[in-house]
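Down below is the structure, laid out as structure tokens.
In the working numbering, the protein residues as written are 52 to 181.
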């Protein structure tokens, strides 16, 4: 089965697949930590979720943010794009906590709309870990 990451960032998906599981998960966590600086209003909350390893709370947060996004988007509110990105960041936290590096990276790309940045952080984290 083809993953979302393979479709949107095939080179990054190959890097993920080639990395040993502990290294890929560690590097995905590094990406998620870097993601926090792009969401200053939510950084503390997302960081607390990372440290608590509370996957359920990150899912609940992402679902709430998605619902807010849908409501704002329906109203054509300019805040919809930001809410979408915040929901993706929350899902990136959830997937990183689950050890689903490919899904965490996909959500990080969607949150930032910058696959090259995400890939660079991931590869750098892999190099530092080796």
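The beta-carbon is built from N, C-alpha and C at its ideal position, and this holds for glycine as well.
Within the model, the alpha-carbon separation for residue 82 versus residue 156 is close to 7 Å. The continuous alpha helix (DSSP H) containing residue 102 extends over residues 94 to 103. The beta carbon of residue 109 sits closer than 6 Å to those of 100, 141, 144, 145, all from its chain and outside the five residues before and after it, given in chain order.
Of all alpha-carbon atoms in 62, 52, 73, the one lying nearest the alpha-carbon of residue 177 is that of 73.
Residue environment analysis places residue 52 among the exposed positions, since fewer than 16 neighbouring C-beta atoms fall within 10 angstroms of its C-beta. Distance between residue 80 and residue 148, taken at the CA atoms: about 8 Å.
In this structure, the straight-line span from the alpha carbon of residue 171 to that of residue 64 is close to 13 Å.
Per the coordinates, the alpha-carbon of residue 75 lies some 14 Å from the alpha-carbon of residue 159. In the assembly as shown, residue 122 is an exposed residue. Its beta-carbon has fewer than 16 other beta-carbons within 10 Å.
Listed in chain order, the non-local C-beta contacts of residue 154 below 6 Å within the same chain comprise 146, local neighbours out to five positions each way being set aside.
Annotated three-state conformation of residue 88 is coil, per DSSP. Note on geometry: alpha-carbon atoms of residue 97 and residue 107 lie some 13 Å from one another.
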